[in-house]
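Asker: Reading the sequence shown from the start, the letters are residues 696 to 968 in the numbering used here.
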Amino acid sequence: MAKNKTVINIHARNYIHAVFEERLRQEGFRCPDDKLLCWYRSRGEDIVQSIVFYSTWSNMPLMMDIGYSIHPAFTEPVRTSSVHFSNRPWDDPERFKNTPIFEGSLSEPQGYYPFSEDAWVYAPKNGGRGIYTFDAVLLPLMEDVATIEDTYRMHKSRRLEEMQDEKTMMAYRDRDEMEKKYGILSATFIDMALYLDDVESYPYCKYWAQKGCDRFQSLCETYPGRKQYQESLDHWTAISNALGEGGREPYLKELEARKMKNLQRLKKRIDRT
Numbered sequence: 696m697a698k699n700k701t702v703i704n705i706h707a708r709n710y711i712h713a714v715f716e717e718r719l720r721q722e723g724f725r726c727p728d729d730k731l732l733c734w735y736r737s738r739g740e741d742i743v744q745s746i747v748f749y750s751t752w753s754n755m756p757l758m759m760d761i762g763y764s765i766h767p768a769f770t771e772p773v774r775t776s777s778v779h780f781s782n783r784p785w786d787d788p789e790r791f792k793n794t795p796i797f798e799g800s801l802s803e804p805q806g807y808y809p810f811s812e813d814a815w816v817y818a819p820k821n822g823g824r825g826i827y828t829f830d831a832v833l834l835p836l837m838e839d840v841a842t843i844e845d846t847y848r849m850h851k852s853r854r855l856e857e858m859q860d861e862k863t864m865m866a867y868r869d870r871d872e873m874e875k876k877y878g879i880l881s882a883t884f885i886d887m888a889l890y891l892d893d894v895e896s897y898p899y900c901k902y903w904a905q906k907g908c909d910r911f912q913s914l915c916e917t918y919p920g921r922k923q924y925q926e927s928l929d930h931w932t933a934i935s936n937a938l939g940e941g942g943r944e945p946y947l948k949e950l951e952a953r954k955m956k957n958l959q960r961l962k963k964r965i966d967r968t
């Protein structure tokens, strides 16, 4: 398994190097290691933007996607050490959204073929073999977001639009009324709502904070040795307390401390390369 992991990482790296690396560096993104899977750039000291290349399967030729995010610096960026990224944060779209790698319109047949003998990765046969995804889709989105206010506005609007989609409305038709406006709220979304004091969203935030506490309390009891479950429970508990009377101001200080820690850690990793 370790050998296979090394092999697929090499093939992924060769593809990323050939198609994406130069453009990513031109636009200010930096990678903390030579695997070229994870790329980050900061907008001032408030916003972190991420690009993560990954595959849901370890079969070759690899079919790769791009995970991307625009989030406040007090949220820890997603990272992976292997292109086969099975434990993606699927429940936090503010921290990790995904898109296929494509050229032109997705409504048109793409025609995917292995990129090369030393980059056995399925890539679009036309154009820049996938660079369109960065240049025409992700970069314009990221260029429009420069502040926490921009970031929250974008994520909130996206949620409202998605919940008005006909299929989504049908899927949620029998669910609690508190779930129908924004969908399942992530800890990242609620942290932004607290930071910007979006009072309108607080009833929904409180509902999902309690859901988060209940979920991870149960997981901690079932898997007492899982550190990540305890960390998530601590986070949701802190959010729940922050949404209570007099809890927001102390929590803002915690978010500020988390922001400085994340930025220092990110700078240290990138400075090593």
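For glycine and all other residues, C-beta sits at the position ideal for the given N, C-alpha and C.
Predicted, not measured: the structure shown is a model, and the values here were computed from it.
Out of curiosity, what's the CA-to-CA distance linking Pro819 and Pro809?
Answerer: The straight-line gap from Cα to Cα measures roughly 9 Å.
Asker: Kindly list the residues whose CB is nearer than 6 Å to the CB of Ile843, restricted to its own chain and excluding five residues on each side of it in sequence; keep chain order.
Answerer: For Ile843, where only same-chain residues beyond five positions count, the Cβ hits under 6 Å are Asp741 and Pro767.
Asker: Cβ atoms of Tyr946 and Leu880: under 8 Å apart, would you say?
Answerer: No, Cβ-Cβ distance for Leu880 and Tyr946 is not below 8 Å.
Asker: Mark Ala866 as exposed unless 16 or more other C-beta atoms lie within 10 angstroms of its C-beta, in which case mark it buried.
Answerer: Counting Cβ neighbours within 10 Å, Ala866 comes out exposed, since fewer than 16 surround it.
Asker: Would you report the Cα separation of Gln859 and Ser852, rounded to the nearest angstrom?
Answerer: Gln859 and Ser852: Cα-Cα distance of roughly 11 Å.
Asker: Classify Glu951: buried if its beta carbon has 16 or more other beta carbons within 10 angstroms, exposed otherwise.
Answerer: So Glu951 ends up on the exposed side.
Asker: Between Asp760 and Asn709, which are expected to be in contact by the criterion C-beta below 8 Å, what is the C-beta distance as a whole number of angstroms?
Answerer: With 8 Å as the limit, Asp760 and Asn709 do not qualify as a contact, their Cβ atoms being about 17 Å apart.
Asker: How many angstroms separate the CA atom of Ala882 from the CA atom of Ala831?
Answerer: Rounded to the nearest angstrom, the two C-alpha atoms are 29 Å apart.
Asker: If we ignore side chains and look at the alpha-carbon of each, how far apart do Ser896 and Asp871 end up?
Answerer: So the two alpha carbons sit approximately 16 Å from each other.
Asker: Around the Cβ of Pro788, are there at least 16 other Cβ atoms within 10 angstroms (buried) or fewer (exposed)?
Answerer: With 16 or more Cβ atoms within 10 Å of its Cβ, Pro788 is classed as buried.
Asker: Considering just the uninterrupted stretch of the alpha helix (DSSP H) at Gly907, what are its terminal residues?
Answerer: That run of the alpha helix (DSSP H) goes Tyr897 to Thr917.
Asker: Take Gly822 as the anchor and find which of Met837, Asp786, Glu838 and Ser800 has the nearest alpha-carbon.
Answerer: With distances taken between Cα atoms, Gly822 lies closest to Ser800.
Asker: Ignoring anything shorter than 4 residues or poking outside the segment 708 to 773, list the alpha helix (DSSP H) runs there in chain order.
Answerer: For the segment 708 to 773, whole alpha helix (DSSP H) runs of length 4 or above, ordered along the chain, are 716 to 721.
Asker: Within 10 angstroms of the Cβ of Tyr918, are there 16 or more other Cβ atoms? Answer buried if so, exposed if not.
Answerer: When all chains shown are included, Tyr918 counts as exposed.
Asker: Spatial neighbours of Ile711 within its chain, please: C-beta separation below 7 Å, excluding the five flanking residues on both sides.
Answerer: For Ile711, where only same-chain residues beyond five positions count, the Cβ hits under 7 Å are Leu731 and Phe748.
Asker: Label Pro694 either buried or exposed according to how many other C-beta atoms from any shown protein chain fall within 10 Å of its C-beta, with 16 as the threshold for buried.
Answerer: Coverage of the chain is limited to positions 696 through 968, which leaves residue 694 absent and any answer about it impossible.
Asker: Have a look at Met696 and Met837 and give me their C-alpha separation to the nearest angstrom.
Answerer: Low per-residue confidence applies at Met696: pLDDT is 47, beneath 50, and the placement is therefore not dependable, though the value from the model is reported in the following sentence. Each residue's Cα considered, the two are about 36 Å apart.
Asker: For His779, which beta-bridge partners are listed by DSSP?
Answerer: Beta-bridge pairing links His779 to Ser750.
Asker: Take Gln905 and list the residues in its own chain whose beta-carbon comes closer than 7 Å to its own, dropping the five residues that flank it on each side.
Answerer: Cβ neighbours of Gln905 beyond the five flanking positions: Ser935.
Asker: Per DSSP, which residues does Pro795 bridge with? Please list them.
Answerer: Its beta-bridge partners are Asp760.
Asker: With a 10 Å radius around its C-beta and 16 neighbouring C-beta atoms as the bar for buried, classify Glu949 as buried or exposed.
Answerer: Label assigned to Glu949: exposed.
Asker: Please state if the CB of Ile765 and the CB of Thr846 are separated by a distance shorter than 8 Å.
Answerer: In this structure, Ile765 lies closer than 8 Å to Thr846 by Cβ.
Asker: Please classify Asp728 as buried or exposed, where buried requires at least 16 neighbouring CB atoms within 10 angstroms.
Answerer: Classification for Asp728: exposed.
Asker: Could you round the C-beta distance between Phe791 and Arg953 to whole angstroms and report it? I think they count as a contact, below 8 Å.
Answerer: With 8 Å as the limit, Phe791 and Arg953 do not qualify as a contact, their Cβ atoms being about 18 Å apart.
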